[in-house]
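Counting with our numbering, you get residues 3 to 401 for the letters of the sequence shown. Don't be surprised by glycine CBs; every beta carbon is placed ideally from N, CA and C.
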Amino acid sequence: MGYTPLAGTRAPVRVWTDPYAIEPQAAKQLRNIGALPWVQGVAVMPDVHFGKGATVGSVIAMRQAVSPAAVGVDIGCGMSAVRTSLTAADLPDDLAGLRSAIEAVIPVGFAQRENPVDTRRVRGLEQAGWDDFWGRFAGLDRRVAQLETRARRQLGTLGGGNHFIEVCLERGGADEGRVWLMLHSGSRNIGKELAERHIGVARKLPHNADLPDRDLAVFLAGTPEMDAYRRDLWWAQEYARRNRAVMLALLCGVVRERFPRVGFDEPISCHHNYVSEERYDGVDVLVTRKGAIAAGRGDLGIIPGSMGTGSYIVRGRGNPDAYCSASHGAGRRMSRAQAKRTFSTEDLAAQTAGVECRKDAGVVDEIPGAYKDITQVMAQQEDLVEVVAHLRQVVCVKG
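1. Let me know if S60 comes out buried or exposed under the rule of 16 or more other beta-carbons within 10 Å of its beta-carbon.
2. Could you compute how far the alpha carbon of G402 sits from the alpha carbon of N164?
3. Going by the DSSP bridge assignment, what does Q395 pair with across the sheet?
4. Specify, as a first and last residue, the run of the alpha helix (DSSP H) that L185 falls within.
5. List the residues that DSSP assigns as beta-bridge partners of L315.
6. Between the C-alpha atoms of K342 and E368, what's the straight-line distance to the nearest angstrom?
7. Going straight from the alpha carbon of V15 to that of M47, what length do you get?
8. Which value, in whole angstroms, describes the spacing of the CA atoms of S278 and T290?
9. With a threshold of 16 other CB atoms inside 10 Å of the CB of S69, please say whether the residue is buried or exposed.
10. Count the CB pairs spanning the segment 64-79 and the segment 250-261 that are closer than 8 Å, and state whether there are at least three.
11. Is it true that the CB of H330 sits closer than 8 Å to the CB of I295?
12. Indicate the three-state DSSP secondary structure (helix, strand or coil) for C272 in the structure shown.
13. Kindly give me the distance between the Cβ atoms of E358 and A98, rounded to whole angstroms, as I take these residues to be in contact under 8 Å.
14. With 16 as the cutoff for other CB atoms within 10 Å, does E168 come out buried or exposed?
15. With a threshold of 16 other CB atoms inside 10 Å of the CB of S327, please say whether the residue is buried or exposed.
16. Closest to L393 by CA distance: which of H200, R205, T344, G312 is it?
17. So V366 and A297 are in contact, right, with Cβ under 8 Å, and what is the actual spacing, rounded?
18. Hey, out of A391, N245, L32, whose CA is closest to G179's CA?
19. Please state if the CB of A71 and the CB of I192 are separated by a distance shorter than 8 Å.
20. Tell me which residues share the same chain as A28 and place their Cβ nearer than 7 Å to its Cβ, disregarding the 5 neighbours each side in the sequence.
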């Protein structure tokens, strides 16, 4: 399927789903975005839904400007995955012990480490650049200076909400039953703190006074505010990437302890809340992907469903109409509050049958029924990505 233009916008807004199926709040957000004078165009992914400021599942190309709300507060949030040499036959029938071992090594929810992880002692972790990375903390917004200790202690931790760690099995094809490790996380509290501070600064700038939505406030190129945001943004995106790398290495260590002869392929990693400098139709633009992954030709990416429906490893087709992007997941079809009102723990147990995971009231808002149908979402973006592997989870760790 191709895209459908969203009517009534100044800049082109291309939609990879039925425009009439988009919730009214989200459609209004998209029209507000399309009206901004700096916007070159917008690509709307099939997992689109209402978000704070900017719509989740939106790819926005701006000329000489960027909106921090179009990145989101979990700067650099994304996915990592690695295929192992194990198969389903290697796994024990009872996976509760494996799940407990993962939870013992990687803190989840609001937890942080008592002492920062010693990255030099993590087997398989890239060692380059750590001193330079932490050395740049002192140059970040002075209002987060007191958060360095917390940022160090949260490195290698999962967080809560829709963040997860999974053990998955490949479905179909020559590698049926091959075991994959996968995780979803971002820049933890430090990314949120930086984002909220810069969004607050942007709202007060004079050129944002008459916007249809003050949450869409932008920074303009060549200004100290833009320079400060980009400095902190790049650092937070790197923090998120390194956070996932630490967790993936620790996760591989848990598996290696139980299966000493296991092998691992090259990991796949992709942001889905971030900014990138790109060029389309001869125009240099800043592309914000909030709930979207890069899908340039040949790019490998990860599109998860929900905790009971499986995920996809994909290869980008490089579609310029979508700014070489694809969805970041299934996308929510109801809010967390609505999910809690609609579903019970019995529903959760039924919808996650066969998955070793939490099945208590604390994760009912993450029930598969609260998300869109990932199969339909994938069908709507066949011109954006091709499927490399279809995975189903057998262990899911949530905060």
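Working from what's here:
1. Buried, because 16 or more other Cβ atoms sit within 10 Å of the Cβ of S60.
2. Lying outside 3 to 401, the shown extent of the chain, residue 402 is not represented and no answer is given.
3. DSSP, once it has assigned bridges, lists C170 as partnering Q395.
4. Where L185 is concerned, there is no enclosing alpha helix (DSSP H), although the beta strand (DSSP E) it sits in stretches over 180-187.
5. Before going further, note that residue 315 is Ile rather than Leu in the sequence given. The partner list for I315 (beta bridge, DSSP) reads I304, A391.
6. Using only the alpha carbons, I get a separation of about 9 Å.
7. The straight-line gap from Cα to Cα measures roughly 11 Å.
8. Spanning the alpha carbons of S278 and T290 requires a straight line of approximately 7 Å.
9. The residue is buried, with at least 16 neighbouring Cβ atoms inside 10 Å.
10. By the Cβ rule, the segment 64-79 does not count as touching the segment 250-261, because fewer than three pairs are nearer than 8 Å.
11. Cβ atoms of I295 and H330: closer than 8 Å.
12. It is a strand residue.
13. Sure, about 6 Å apart at Cβ, within 8 Å.
14. The residue in question, E168, is buried, as its Cβ has 16 or more Cβ neighbours within 10 Å.
15. Buried.
16. Nearest C-alpha to L393: G312.
17. Wrong, their Cβ atoms sit about 32 Å apart, outside the cutoff.
18. Comparing alpha carbon positions, the residue from A391, N245, L32 closest to G179 is A391.
19. No. Outside cutoff.
20. Around A28: V50, H51, F52, T57.
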